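Structure record follows, encoded as structure tokens.
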Amino acid sequence: MVHIPIRPAKGKKHYRVYKEAKGEVKTKARLLKEALRIAHEKDEHVKEIDFIPGKFTLQLHGWFNPGIWNNIGECERFLKKVLKEGKDPVKEFEKKGGKFHYDLRTKKKTAPSWFGLTPFRAPWTGTPENKVMGTVKGYQVITPGGKVLQKFLAEVAEKAMAKEGIAERRDRIEWMKIKAQWFKPDSPGNPQKDQPAIMIAIEFYKPACIHRRELDFFDITYFGDYLKGRYYNRLVERKIATDELTEWQKQDIKKKKAAAFYNLSFYFWKAKDQWGDPGTPYTMKEVHQAALGTKTLAKVAAPKKKKPKKVKEIKELKPPEATKEFH
10 MVHIPIRPAK
20 GKKHYRVYKE
30 AKGEVKTKAR
40 LLKEALRIAH
50 EKDEHVKEID
60 FIPGKFTLQL
70 HGWFNPGIWN
80 NIGECERFLK
90 KVLKEGKDPV
100 KEFEKKGGKF
110 HYDLRTKKKT
120 APSWFGLTPF
130 RAPWTGTPEN
140 KVMGTVKGYQ
150 VITPGGKVLQ
160 KFLAEVAEKA
170 MAKEGIAERR
180 DRIEWMKIKA
190 QWFKPDSPGN
200 PQKDQPAIMI
210 AIEFYKPACI
220 HRRELDFFDI
230 TYFGDYLKGR
240 YYNRLVERKI
250 ATDELTEWQK
260 QDIKKKKAAA
270 FYNLSFYFWK
280 AKDQWGDPGT
290 PYTMKEVHQA
300 ALGTKTLAKV
310 AAPKKKKPKK
320 VKEIKELKPP
330 EATKEFH
């Protein structure tokens, strides 16, 4: 499902202005806005850094016109080649045609579901100066974990998705277990009517150590071949650049109906301070053992956070064009 911003009808709230949104189903943009609003209103943050054993899978996911690729084997060989060359697979695949992104799925070691992120650039390239933009995967980001999350998914999310005609929840463990799969057009896992799709694991069920998970932030150390080290992921509001505005948004600004438009996105980057650096309480080896569940590490105090500034009124939410409703 492509989300295209349209002009809000008079008297309607701006977060229900996507052509494909049906009935009362919440759009991904609305979920992001709610997450940030709740986080700012409560202004509650985890006061301790934990060391919870976890697992993660990072997959390349995309769709393309028939004939560009003929089978999953071709795609796997090309992926292996570009990774060896140190290139960003999404960029290299898109040069040949189609739309691609990454699916980063993480879960507590024994959890029945995962929470996720859809990065639009190789996530291991994220730095504090050049963060990787992405979006959430599913409802999990705005609900606490454990029983509360499972109750929400069963009672609220599934009903909403049933209205939208979606057959199953997208947080099920099966999606983490896909190593390489070809999806025919208009088949389970591929809503595209005339384009095949692929999903190939770059990192498969690798260890992760979950430190903090908040409504608008998570802090995780990954132990993969490419995604390795401590990473942060934060929800950020930013002003939409002039060259990203739709035509009607430009006209509204020109006619002074709006001063600017804003966008909410998650940004992912590798932390400056890694375990084992001077001043950190544990080595990377110890955190790896915690991720595997072979060593228990005591919690440590989280750094104090500055009080966030008041959230600006968001006139419109423009998700990246790659955020099709895809597993």
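Oh and the sequence shown: position 275 is 284 in the numbering used here, straight run, nothing missing. Just so it is clear, CB atoms sit at the ideal spot from N, CA and C, and this is done for glycine as well. All of these numbers come straight from a predicted model, not from anything done at the bench.
The criterion of a C-beta distance shorter than 8 Å is not satisfied by residue 278 and residue 91. Fully enclosed alpha helix (DSSP H) runs of no fewer than 4 residues occupy 98-104 of the region 90-134, in order along the chain. In this structure, the CA atom of residue 282 is about 11 Å from the CA atom of residue 293. Three or more Cβ pairs closer than 8 Å define a contact, and the region 81-88 falls short of that threshold against the region 126-139. Taking all protein chains shown into account, residue 222 has 16 or more neighbouring C-beta atoms within 10 Å of its C-beta and is therefore buried. Under DSSP, residue 68 shares a beta bridge with 112 and 210. Around residue 126, the same chain offers 113, 143, 145, 146, 242, 275 and 277 as residues with beta carbons nearer than 7 Å, after the five sequence neighbours per side are excluded. Taken in chain order, the unbroken stretches of alpha helix (DSSP H) that lie wholly in the region 254-308 and span 4 residues or more are 256-263 and 293-301.
It is roughly 6 Å from the alpha-carbon of residue 109 to the alpha-carbon of residue 70. Listed in chain order, the non-local C-beta contacts of residue 55 below 8 Å within the same chain comprise 221, 222, 223 and 311, local neighbours out to five positions each way being set aside.
The count of Cβ pairs closer than 8 Å, one atom from the region 288-306 and one from the region 226-235, reaches three, so the stretches are in contact.
Secondary structure of residue 215 (DSSP, three-state): strand. Exposed is the label assigned to residue 257, since fewer than 16 other Cβ atoms lie within 10 Å of its Cβ. DSSP places residue 59 in no beta strand (DSSP E); its state is neither H nor E.
Between residue 77 and residue 98, the alpha-carbon positions lie close to 15 Å from each other. Distance from residue 219 to residue 117 at the Cβ level is roughly 6 Å; contact confirmed, criterion being Cβ atoms closer than 8 Å. When 50, 53, 62 and 57 are compared, the shortest CA-CA separation from residue 304 is found for 62.
Within its own chain, the residues whose Cβ lies closer than 8 Å to the Cβ of residue 107, once the five positions on either side in sequence are excluded, are 71, 72, 73, 74, 77 and 204, listed in chain order. If you look at residue 191, you'll find it in the beta strand (DSSP E) that goes 189-192.
Contact check for residue 183 and residue 66: beta-carbon distance about 11 Å, past the 8 Å limit, so the pair fails to qualify. Here DSSP, grouped into helix, strand and coil, assigns residue 252 to helix.
Under DSSP, the beta-bridge partners assigned to residue 244 are 275. Separation of the CB atoms of residue 64 and residue 214 is rounded to 5 Å, and the pair is thereby assigned contact status at 8 Å.
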